[in-house]
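Residue numbers (the UniProt record's numbering): 1 to 153.
All residues carry an ideal CB built from backbone N, CA and C; glycine is no exception.
Computed from a predicted structure; not experimentally measured.
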């Protein structure tokens, strides 16, 4: 049995330690907001926060999580940055197909939690590795800037 804290709730799963966190979330805990995209940590669709840091769940074995690690998924992301990002995403109609958006939002929330006045370079660095096949990058950048402005107001 492996114990993990997901979205503030202690959970136990009976899985192998080498099972990727993504599959624990999706298949064992029925939390399907975190998406499978590539399986090699290159697209960002599976991004969750582990102790506040954006982490690719498809390449993170559940056994590598520390006993005090806290996993936050798109279903559980909360706080000022999360609210600002989610509002900006809706206001600017960022989503096209939506498949990558949970990973995009998780990366944007992590950026704005640490930096409420990001430059274009900061945004590029934080969002690097988050692929959007619909190419909504201009709207994503605009939404991050809008969310940052909201947070500073």
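Q | Cβ neighbours of residue 23 in the same chain (closer than 7 Å, five flanking residues each side left out) | A | Residue numbering aside, residue 23 sits at position 23 when the chain shown is read from its first letter. There are no such residues.
Q) Which same chain residues, not among the five before or five after residue 137, have their C-beta less than 7 Å away from its C-beta? A) The residue labelled residue 137 in the question sits at position 137 within the chain shown. Spatial neighbours of residue 137 in its own chain (CB-CB distance under 7 Å, excluding positions within 5 residues in sequence) are not present.
Q) Would residue 117 be called buried (16 or more neighbouring beta carbons within 10 Å of its own) or exposed? A) Here residue 117 corresponds to residue number 117 of the chain shown, with the count starting at 1. Exposed, by the Cβ-count rule.
Q | DSSP-derived helix/strand/coil call for residue 70 | A | Translated into positions along the chain shown, residue 70 becomes position 70. Look at residue 70 here: in three-state DSSP terms it is strand.
Q. In this structure, does DSSP put residue 50 in helix, strand or coil?
A. Here the question's residue 50 lines up with position 50 in the chain shown. Residue 50: strand per DSSP, three-state reduction.
(Q) DSSP has residue 83 in a bridge; who is on the other side? (A) Here residue 83 is taken as the residue at index 83 of the chain shown, counted from 1. Residue pairing of residue 83 in beta bridges, as defined by DSSP: absent, with no partner found.
Q. Under the rule that 16 or more other beta-carbon atoms within 10 Å means buried, what is residue 91, buried or exposed?
A. Here residue 91 corresponds to residue number 91 of the chain shown, with the count starting at 1. The residue is exposed, with fewer than 16 neighbouring Cβ atoms inside 10 Å.
Q) Which residues in the same chain as residue 151 place their Cβ atom closer than 7 Å to its Cβ, once the five residues preceding and following it in sequence are excluded? A) Here residue 151 corresponds to residue number 151 of the chain shown, with the count starting at 1. Excluding positions up to five away in sequence, the list reads 80, 81, 84, 112, 116.
Q: Whole angstroms is fine: what's the gap from residue 93's alpha carbon to residue 61's?
A: Translated into the one-based positions of the chain shown, residue 93 becomes position 93. Translated into the one-based positions of the chain shown, residue 61 becomes position 61. Each residue's Cα considered, the two are about 34 Å apart.
Q. Taking all protein chains shown into account, do 16 or more other C-beta atoms lie within 10 angstroms of the C-beta of residue 153, making it buried, or fewer, making it exposed?
A. The residue labelled residue 153 in the question sits at position 153 within the chain shown. Result: exposed.
Q) Using the rule of at least 16 other Cβ atoms within 10 Å of the residue's Cβ for burial, across every protein chain shown, is residue 135 buried or exposed? A) Within the chain shown, numbered from 1, the residue matching residue 135 stands at position 135. Around the beta carbon of residue 135, fewer than 16 other beta carbons sit within 10 angstroms, so the residue counts as exposed.
Q | For residue 149, the first and last residue of its enclosing alpha helix (DSSP H) | A | The sequence position of residue 149 within the chain shown is 149, counting from 1. Per DSSP, residue 149 is one residue of the alpha helix (DSSP H) stretching across 137 to 152.
Q. Ends of the beta strand (DSSP E) at residue 13?
A. Start at 1 with the first residue of the chain shown, and residue 13 comes out as number 13. Going by DSSP, residue 13 is part of the beta strand (DSSP E) stretching over 9 to 13.
Q) How is residue 113 classed by DSSP in three states: helix, strand or coil? A) For the purposes of this step, residue 113 is taken as residue 113 along the chain shown, with counting starting at 1. Correct three-state label for residue 113: helix.
Q: Report yes if the C-beta distance between residue 132 and residue 104 is below 9 Å; otherwise report no.
A: Counting from one through the chain shown, the residue named residue 132 turns up at place 132. Counting from one through the chain shown, the residue named residue 104 turns up at place 104. In this structure, residue 104 lies closer than 9 Å to residue 132 by Cβ.
Q: With DSSP as the reference, label residue 78 as helix, strand or coil.
A: Locating residue 78 in the chain shown gives position 78, where the first residue counts as 1. Of the three classes helix, strand and coil, the one that applies to residue 78 here is coil, per DSSP.
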